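Numbering (our numbering), first residue to last: -5 to 125.
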């Protein structure tokens, strides 16, 4: 599974950024602006927006998730892991973040952490199936 942003969502991200800005929600505005840039293949330029969003609102798990995806896309797996870990710390049931984190740990060659993440993924998937 590749880590990437969906370019077909750029228009939606633009609308969401405009709505967030109109509501003075600067964290979401920065997060969506970063998503616009990342979807337009301006990944390096997107990272400061994700970081600012996370700084403004530490509970905005999406900003950490997106920062993790962006860092991984520019081959910075250590920062990718750090932000994905912050994401799952903020939202422990975010299955997609764990799946991305497993990819990152695989690339880093950290089989112990990768195995731990696989166990969490299995547990979360079992919870979904049992509901």
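Using N, Cα and C, we set each Cβ at its ideal position, and we do this for glycine too. Treat the numbers as computed from the prediction; the structure is a model and nothing was measured.
Per-residue DSSP class, three states only, for residue i
| i | result |
| --- | --- |
| residue 52 | coil |
| residue 103 | coil |
| residue 69 | coil |
| residue 113 | helix |
| residue 35 | coil |
| residue 88 | coil |
| residue 8 | helix |
| residue 121 | helix |
Beta-carbon spacing of residue i, residue j below 8 Å
| i | j | result |
| --- | --- | --- |
| residue 84 | residue 58 | yes |
| residue 31 | residue 22 | no |
| residue 0 | residue 48 | no |
Straight-line gap, residue i to residue j (C-alpha atoms, nearest Å)
| i | j | result |
| --- | --- | --- |
| residue 79 | residue 101 | 15 Å |
| residue 28 | residue 67 | 14 Å |
| residue 26 | residue 104 | 31 Å |
| residue 52 | residue 90 | 19 Å |
| residue 17 | residue 7 | 15 Å |
| residue 9 | residue 24 | 13 Å |
| residue 62 | residue 113 | 20 Å |
Among the options, nearest to residue i - alpha-carbon criterion
| i | options | result |
| --- | --- | --- |
| residue 20 | 42, 46, 71 and 86 | 46 |
| residue 87 | 96, 109, 107 and 119 | 119 |
| residue 74 | 95, 56 and 55 | 95 |
| residue 82 | 60, 69 and 65 | 60 |
| residue 111 | 123, 93, 122 and 124 | 93 |
Nonlocal neighbours in the same chain, by C-beta distance under 6 Å from residue i, ignoring five residues either side
| i | result |
| --- | --- |
| residue 71 | 98, 101 and 102 |
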